[in-house]
Amino acid sequence: MERYQRQIQLEDIGLKGQQALANAKVLVVGAGGLGSPVLQYLAAAGVGSLGVADMDTVALSNLHRQLLYTTADVGKPKVQAAKERLESLNPNVEIRVYPEGVHTANVMQIIQPYDLIIDGTDNFSARYLINDACVKSKKAWIYGALFKHQGQFALFNHRGGPCYRCLYPKPPAAGEVAGCNVLGVLGTVAGIIGLQMAHLALQTIIWPEEVPNQSVYYMNQHTFNLQQLKISKNQNLCDNVQSESWELPRTNALANCELPKNTLSLNDAMVLDQALFLDVREIQELPRIGAVDLQIPLGELEQRLNELDKEKTYIAFCKSGQRAKTAVNLLKKHHFEAVYALSSSAQHLKNAIENENSTTNEVY
Ligand SMILES: [Zn+2]
Numbered sequence: 319m320e321r322y323q324r325q326i327q328l329e330d331i332g333l334k335g336q337q338a339l340a341n342a343k344v345l346v347v348g349a350g351g352l353g354s355p356v357l358q359y360l361a362a363a364g365v366g367s368l369g370v371a372d373m374d375t376v377a378l379s380n381l382h383r384q385l386l387y388t389t390a391d392v393g394k395p396k397v398q399a400a401k402e403r404l405e406s407l408n409p410n411v412e413i414r415v416y417p418e419g420v421h422t423a424n425v426m427q428i429i430q431p432y433d434l435i436i437d438g439t440d441n442f443s444a445r446y447l448i449n450d451a452c453v454k455s456k457k458a459w460i461y462g463a464l465f466k467h468q469g470q471f472a473l474f475n476h477r478g479g480p481c482y483r484c485l486y487p488k489p490p491a492a493g494e495v496a497g498c499n500v501l502g503v504l505g506t507v508a509g510i511i512g513l514q515m516a517h518l519a520l521q522t523i524i525w526p527e528e529v530p531n532q533s534v535y536y537m538n539q540h541t542f543n544l545q546q547l548k549i550s551k552n553q554n555l556c557d558n559v560q561s562e563s564w565e566l567p568r569t570n571a572l573a574n575c576e577l578p579k580n581t582l583s584l585n586d587a588m589v590l591d592q593a594l595f596l597d598v599r600e601i602q603e604l605p606r607i608g609a610v611d612l613q614i615p616l617g618e619l620e621q622r623l624n625e626l627d628k629e630k631t632y633i634a635f636c637k638s639g640q641r642a643k644t645a646v647n648l649l650k651k652h653h654f655e656a657v658y659a660l661s662s663s664a665q666h667l668k669n670a671i672e673n674e675n676s677t678t679n680e681v682y
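Per my numbering, the sequence shown starts with residue 319, numbered consecutively.
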């Protein structure tokens, strides 16, 4: 009573609202810039059961925005550091951790015990996976995303409301959208959007009938402008996702910070954020791919490494995938870290890119 006194005093919360918080089970996927404030505030407010899924370790460069961790935590698994910190903040909260993160294979099982899922990840493949798994399991989830000094947040799939695909039906093409690790972010912006998500979660638990579930909110931290955009439900799309024939999207290797494998399928390549395609075929080989980012024939690659940037992610492709693998080995030898060989042919890639361009036209 003493711990929660100030919120119980609010007449529209009271003991009833506090009991709802104590009974709530919330899963937070991604304990980074967004997940960190969400976890701190939900634990402090007395949410009875919290799940934390993340496979990362704490890095020094996390600490300016992930205030859940301290300098002493650098190098520790995030879930372990988070559990220790949250338990010392509020020992009444039960914390379960999922150090393997959330993937295609385990997502349905991991979300099953929870009433509300919060996506604190920073990539599209995790977001679509969480959306589809929540639509299939009829669970509400809270979304948040950052872009430089702007952020957005929303509650999806709550009591018949629209889902993320109702807003953005398909993921953007690879390389179309850059992430925080490329663009940078100020800690306060991540914190503010994380707090909006935490607040939406409290509202959903305490006032499930009144919480806004039909809108996405855009916040600009330069101008302090908050915009509300109404989302209309695409019933067919939601029904499709719910049907048994709809397969969960495959998460790519980077999405959950797994140790990346060197070969990517076409599906994974198309959803990999911030990646550039590198054509290692000879210049005269067909078909040409108009949208390709860079063309360096395999034989010239070693002499032309200065045209590549070690900070960037490259997906090499060729006719069959063989030369692409050789290119990746060569780049690895020269200390490029984020390089992959596409297991599909140039023709398949061309088809996929053309298909993508003809069907997606949304602004992310
Ligand atoms: Zn939908």
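Glycine residues also receive a C-beta, built at the ideal position from the N, C-alpha and C atoms.
Source: prediction; values computed, not measured.
Secondary-structure assignment with DSSP links T375 through a beta bridge to P395.
A residue is called buried once 16 or more other Cβ atoms fall within 10 Å of its Cβ, and K456, having fewer, is exposed. The secondary-structure analysis by DSSP pairs S533 across a beta bridge with K548. Note that the C-beta distance between H540 and H467 is below 7 Å.
Distance from the C-beta of R483 to the nearest heavy atom of ligand 1 is below 6 Å. Here A371 is near V420, since their CB atoms are less than 7 Å apart. Excluding sequence positions up to five before and after V529, its CB lies within less than 8 Å of the CB of L473, H476, L518, Q521 and T522, all in the same chain and listed in chain order.
Put simply, of V346, G364, A463 and A645 the residue whose alpha carbon is nearest the alpha carbon of R414 is V346. Restricted to the segment 424-469, the beta strand (DSSP E) segments that are unbroken, complete and at least 3 residues in length are 434-437 and 458-465, listed in chain order. With distances taken between CA atoms, K637 lies nearest to P615 out of D627, K651 and P615.
Across the set D440, N647, A634 and E655, the C-alpha of A634 shows the shortest separation from the C-alpha of S661. Within the segment 571-642, the complete beta strand (DSSP E) runs of at least 3 residues fall at 593-597 and 631-635.
A distance below 6 Å between beta-carbons, with the five flanking residues on each side excluded, links A463 to the following residues of its chain, in chain order: Q470. The three-state reading of DSSP puts S367 in strand, counting E and B together. If you draw a straight line from the Cα of L604 to the Cα of K668, it is about 11 Å long. Not a single heavy atom of ligand 1 lies less than 6 Å from the C-beta of N531.
The beta carbons of A342 and V365 sit closer together than 7 Å. Shown here, L345 sits in a strand according to DSSP, grouped into three states. The beta carbon of P395 is closer than 7 Å to those of T375 and P417 in its chain, skipping five residues each way along the sequence. Judged by DSSP secondary structure, L660 falls within the beta strand (DSSP E) whose first and last residues are V657 to L660.
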